[in-house]
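Here the structure comes first, spelled out in structure tokens, and everything after it is commentary.
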Amino acid sequence: MYNFKGISPEAINLLSINSFENSKAFYEEHKKELKEIATIPMRQIMLDLSDDLTMLDSKMYTDPTYTVSRIARDTRRKNITQRYRENLWVMFRRNKFEYPFAPFMWFEFTPECYSYGIAVFLQKPAQMDEIRKIMEKHPRAFLNAAKSLENAGYTFYSEQYKKDRNPKIQPSLKKYYNSKWLEFVHTDNDLTKINSPELIDELKKHIQVCTPMYKLLIEAYENMISEGLIENDR
């Protein structure tokens, strides 16, 4: 039995209306309901997946309160006029303050679709060089991990360097090797699928298919720390 029972059409609709109204008064009037039908189910997703995530990475941060996005945006010191989100997400990653720029997975829904994926966004080019070293060290493992994701319906996204970073790298690795970051995303437009506990089974499979890539990216991340390319608060 899972804690998660589903994200209903009513939850998606109320989030959309709240975002459209963009009104503190409307939000305060519906805040309790939004929490019950949208925020709490997202936290339940983390509760149901926490064992799988910590088995993958003992440093995974699984506090359901702080891994789920807030409906109300933080508008302080920012030029933001849209105060309320119509989308919510839950992050599967190490603590972002203790382990900045660590690879991460996620689940997100919007009024149009839901998605999940794995990515790494980096602060400086030298950090991506450590991932390229992993590709050079484990070319078959990296290619198999990437192809497993793509064969499972994930789409690869990145910005490419125009010039080869290493002309000698095997052709099948070039699109990953010449990237400025890495992101694999699975998207589905059938929102009825998230209104069921079966979503947890789908996300468990998501973690499984991402595991080989996650382990390679974490190896690179640990190398970034040891090389002094990233400062963390451990």
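The opening residue of the sequence shown carries number 4 in the working numbering; numbering runs sequentially from there.
Note that the Cβ used here is the ideal one computed from N, Cα and C, for glycine as well.
Note that this is a predicted model, so its numbers are computed, not measured.
Check whether residue i and residue j have beta carbons under 9 Å apart
i      : j      : result
LYS8   : PRO142 : no
GLU133 : SER161 : no
ARG73  : ARG97  : no
ASN198 : PRO12  : yes
ASN147 : PRO215 : yes
MET108 : PHE124 : no
ASP167 : ASN181 : yes
ILE233 : GLN130 : yes
TYR30  : GLU39  : no
THR65  : THR57  : yes
LYS183 : TYR164 : yes
CYS116 : LEU194 : yes
SER145 : LEU59  : The question names Ser, but residue 145 in the sequence shown is Phe. Result no, Cβ atoms of PHE145 and LEU59 do not sit closer than 9 Å.
MET138 : ILE172 : yes
ALA149 : TYR179 : yes
TYR102 : LYS62  : yes
ARG86  : ARG76  : yes
ILE10  : LEU202 : yes
Extent of the continuous beta strand (DSSP E) to which residue i belongs
i      : result
GLU111 : 107-112
ARG97  : 91-97
ALA129 : Premise fails: ALA129 lies in the alpha helix (DSSP H), 128-140, not in any beta strand (DSSP E).
Other residues of its chain near residue i: CB distance less than 8 Å, five sequence neighbours each side excluded
i      : result
HIS33  : LEU17, ASN21
GLY156 : HIS189
TYR119 : MET108, TRP109, PHE110, GLU111, VAL188, HIS189, LEU206, HIS209
Cβ shell of residue i (< 7 Å), same chain only, five flanking positions each side left out
i      : result
GLN126 : PHE104
MET4   : none
PRO114 : ILE15, SER19, GLU89
ASP55  : LYS207, ILE210
VAL212 : SER151, LEU152, ALA155
ARG237 : Note that ARG237 has pLDDT 48, beneath the 50 cutoff, so the model's placement of it is unreliable and no number is given.
GLY231 : none
LYS99  : none
Min CB distance residue i to chain C below 9 Å
i     : result
GLU13 : Protein chains in the displayed structure number just one, and chain C is not present.
Contacts around residue i, its chain only, beta-carbon distance under 6 Å, and the 5 residues preceding and following it disregarded
i      : result
ASN6   : GLN47, LEU50, ASP51
VAL93  : MET45, ILE48, MET49, THR70, VAL71, PHE110
ASN226 : GLU133
PHE159 : PHE187
LYS196 : none
Beta-ladder partner(s) of residue i, from DSSP
i      : result
VAL71  : VAL93
ILE121 : MET108, PHE187
TYR87  : ALA75
### Task
Report the residue ranges of all alpha helix (DSSP H) runs contained in full by the region 25-67; include only those spanning at least 4 residues, in chain order.
Segments of the alpha helix (DSSP H) lying fully in the region 25-67: 27-37, 43-59.
#### Entry: beta strand (DSSP E) segments (min. 3 residues) lying fully within the region 148-202
Taking only runs of at least 3 residues, the beta strand (DSSP E) segments lying wholly in the region 148-202 are 158-160, 185-191.
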